[in-house]
Every structure is written in structure tokens, then in C-alpha cells.
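S.K.: Shown below is the structure under consideration.
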Ligand SMILES: [Zn+2]
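See below:
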């Protein structure tokens, strides 16, 4: 039903906005990002959609049909040095599916809207466009938001002629939101599957653990008299790794991304230390269990070493979000036709716009394979056949959902 040649051509045209080698540099509100948004608006209009750029820069192509409407898309901004498919793929899938469904006499009565969200990649505020649409942005997040070029978010929006006020989910009757995305991992490639139907998007906890002991001479202080903050940090990190290994779910990941000692000299017992711990899982109960275990192990380590240990959350907790079961099943039924016996259900290990849409309407997502599992890098790529298959899967699922 979709037109593969036209779909790939539009995807490659979007790539030219900010093309840098094999990658793309198109951070939100940059000149090339705004030019790409104007181009997308024109593509939506050419497809017979009511095209509009809202006050934060989200681009909408709304079906003239009354709805309930299925909204399909992703983000068209990139990382500071990004790949050409992250976000862009789902945006052009939305364009092509809305266009193909309008063209076909069998489906021309269905309402499919396309969208390109802004700033998913957090040049200013993470997932700004989709979260603003869902009314999930806290005002204090906007105050200090500053881009790589030093402009504040308000300045960047003013320079672009944008009001700062987004469209909202409750302005139209939506049947749901679908997002196609590259996997950005290697699970599909490893299993040989061609489509991953997303079940849930993982939540994350990040915490800073601080250790306060007694700084002293590394030669003259006997081991039994030490309150060594550095050694307590090392030992607690090791204990957490071992315990998480016992409790781990199928997809749990944990990372000690930073560890530092003060004053940090070879002949001084560290008086203070800190480490940063992050863990992710699609199961909220397991995230809570891990948090409890970190607290328990820290109390044990403090008692064993005489080092004071405090734990503070770093940033907001990200709650895991389940995708809508009905939309999941429609996507799975479509995948069973486009990729017989070569599709799977899987959680998403990365944050996506669909995570926020899921709080306001049924949401569903699919992944297509990333070659070598590489993403957020110029080498990011996916085969044409896989790109086209994903687009067709979304198109088939959209009809199933709207005809339901
Ligand atoms: Zn993305």
C-alpha cells in the first residue's frame, strides 16, 4: 500500500538537512532544523493534510477527516552529532502512511495525522515537543534551558518566530499514537528478527552516593584505624554489582558512570568520595526493589567501615510506561504479515516520545534493526528493505486500528 520509492526518497531528502558525512547534525531550533520543518510542512500539505507548525516547533499534518484520528510520527531533531535515521525514520513513516491511506479509495475515509516532534534529543529540554503537547512540561524546566550555541530556549523560539505555546492532545479526538523507530541496539540483529513490537519503555533511576570519612596520611595510618571514603565507594560499587546480578530481570541494566575521590592523591586516604549509579528496567516493582537494595547495602557498608554514606536521587525518576495492549496486538498482527515468523515483542531500552503520548492516549511502537546495533553516531544505518517493511507494518496496523 505504501510507495517504497517515494518513501525512501523523502527519507533521503530529510537527511540532506544538516548532512555531515554519513551522519546528520540537526539540533532543534538550528537553521537546518527549522528549514527541515518548513520542508516537512510543505510535504504534509502536498499530501492533502492540513499542515501547521505549532508554537514550539512541532509540525503537524492533520487529516481533513474528522476522526477519531491516529497520530503517527517521531522527532526530526538530532543529537549534536547524530545518525540519519534516529527520529527521522518515524517522521517519514508518518508522512508516507498518512499519504498512502489518503490516496487509497479503500482507506480514504480514515483519519491519519502525521507529526514531527521537536527537541526529543534534549538540545534544550528532553522531549520538549511531545511533552508540551501532552501538557507534561514543568515551567521551571524552561527557565534555564540553554542550547549549545548559548541561546536560551525563549531566544531560540523567538528567533524562529515561534510563540512558545504548543498544540495540545485535547484539541482533537485521537484514537492513539504510533511511532516507528530504529532499535538503537542489537537485540533484533542478534535474534534475526525484522520487526520488534514494543511492549513497554524502560524506566530509570539515577542516584549520587556520597561517602564521608576521615582524610589522613596513607603511610602512617594503620588499616584498622582508617575511615577510608574511597575504599568504601569501591566496595559498595562492587557489592551493588554483585547483588544486582542476583536480582536482575531479563532486561535490567546498571551503570556506575562516575566515581571520584577527594582530594585524589596517591599518598592521601580519601576523606570523601562519590559515585553515580543508574539502573533501568521496564518493571516499576523491580526498580523499587533495586532502590531498596542500594539503601540496605549502603547501611551495611557504613556500619562496616565507619564512613557516612548518603544517597540522593540525581534528576527526575523516569517511570516505565507500558504500550497499549490493543495497539500492540494490531502491530503484532501487521508484523506477522510483513515479517512472518521474524518479529518479536520487546521492551524499549531507550526513552522515546511515545512514552509521554502513552499518558494521554493509547500508544504503540515498533523497532526496525539497527546495523551493528549502532546509533547516536554517524555510522547509524538500516537496510532499505527493513526501512520499507517497518513503514508497511505501521500502515497495515493503522488500518486495523481505525477499522476496529
Ligand atoms: Zn529517537
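In the numbering used here, the protein residues as written are 3 to 406.
From the three backbone atoms N, C-alpha and C, an ideal C-beta is built for every residue, glycine too.
List the DSSP bridge partners of residue 354.
M.R.: According to DSSP, residue pairing for residue 354 in a beta bridge does not occur.
S.K.: From this set, 114, 391, 252, which residue's C-alpha is nearest residue 344's C-alpha?
M.R.: 391
S.K.: List the residues that DSSP assigns as beta-bridge partners of residue 71.
M.R.: DSSP output for residue 71 lists 176 as bridge partner(s).
S.K.: Taking 5 angstroms as the limit, tell me which residues put their C-beta closer than that to any heavy atom of ligand 1, in chain order.
M.R.: 88, 89
S.K.: Measuring alpha carbon to alpha carbon, tell me which residue in 61, 226, 125 is nearest residue 170.
M.R.: 61
S.K.: Quickly, what does DSSP pair residue 22 with across the bridge? List them, please.
M.R.: 25
S.K.: Leaving out the 5 sequence neighbours to the left and right, which residues in its chain are closer than 6 angstroms to residue 332 when beta-carbon positions are compared?
M.R.: 399, 402, 403
S.K.: Can you have a look at residue 207 and say buried or exposed, based on whether 16 or more other CB atoms are within 10 angstroms of its CB?
M.R.: buried
S.K.: For residue 32, decide whether its Cβ has a neighbour in chain C, counting only Cβ atoms nearer than 9 angstroms.
M.R.: Structure shown: chain C not included; a single protein chain is present.
S.K.: I need the DSSP call for residue 171, collapsed to helix, strand or coil.
M.R.: helix
S.K.: Are three or more beta carbon pairs between the region 91-105 and the region 180-190 nearer than 8 angstroms?
M.R.: yes
S.K.: Which runs of the alpha helix (DSSP H) fall wholly inside the region 269-322 and span at least 4 residues, in chain order?
M.R.: 286-307, all fully within the region 269-322.
S.K.: Evaluate contact between the region 364-381 and the region 124-143, counting only Cβ atoms and requiring at least three cross-stretch pairs below 8 angstroms.
M.R.: no
S.K.: Quick one: what does DSSP say residue 260 is sitting in, helix, strand or coil?
M.R.: strand
S.K.: What residue range is occupied by the uninterrupted beta strand (DSSP E) comprising residue 365?
M.R.: 365-370
S.K.: Tell me where the alpha helix (DSSP H) around residue 133 begins and ends.
M.R.: 130-135
S.K.: Would you decide whether residue 150 is buried or exposed? Buried here means 16 or more other CB atoms lie within 10 Å of its CB.
M.R.: exposed
S.K.: State the start and end residues of the unbroken beta strand (DSSP E) segment that holds residue 116.
M.R.: Segment 114-119, the beta strand (DSSP E) holding residue 116.
S.K.: Compare the beta carbon distance of residue 51 and residue 66 with 9 angstroms and say whether it is the shorter of the two.
M.R.: Between residue 51 and residue 66, the C-beta spacing is below 9 angstroms.
S.K.: For the candidate residues 168, 291, 271, whose alpha-carbon lies nearest to that of residue 248?
M.R.: 291
S.K.: Which stretch, first to last residue, makes up the beta strand (DSSP E) that contains residue 208?
M.R.: 205-214
S.K.: Could you tell me which residues DSSP pairs with residue 62 in its beta bridges?
M.R.: 54, 117
S.K.: Is it buried or exposed, residue 221, if we count other Cβ atoms within 10 angstroms and call 16 or more buried?
M.R.: A residue is called buried once 16 or more other Cβ atoms fall within 10 Å of its Cβ, and residue 221, having fewer, is exposed.
S.K.: With three or more C-beta pairs closer than 8 angstroms as the rule, is the region 286-303 touching the region 152-172?
M.R.: no
S.K.: So, is residue 82 buried or exposed, given that buried needs 16 or more other C-beta atoms within 10 angstroms?
M.R.: exposed
S.K.: Give me the Cα-Cα distance between residue 254 and residue 269, rounded to the nearest whole angstrom.
M.R.: 38 angstroms
S.K.: What is the DSSP secondary structure of residue 193, reduced to helix, strand or coil?
M.R.: helix
S.K.: Taking the beta carbon of residue 385 as the centre, do at least 16 other beta carbons fall within 10 Å, making it buried, or is it exposed?
M.R.: exposed
S.K.: Using beta-carbon positions only, say whether residue 125 and residue 193 come within less than 9 angstroms of one another.
M.R.: no
S.K.: Could you check if residue 160 is buried or exposed, using at least 16 other CB atoms within 10 Å of its CB as the buried criterion?
M.R.: exposed
S.K.: May I ask which residues mark the beginning and end of the alpha helix (DSSP H) holding residue 389?
M.R.: 386-405
S.K.: Which residues in the same chain have their Cβ closer than 8 angstroms to the Cβ of residue 299, if we skip the five residues on either side of it in sequence?
M.R.: 238, 241, 242, 245
S.K.: Going by beta carbon distance, what residues of the same chain come within less than 8 angstroms of residue 330, once the five residues before and after it are set aside?
M.R.: The answer, listed in chain order, is 199, 200, 201, 347, 366.
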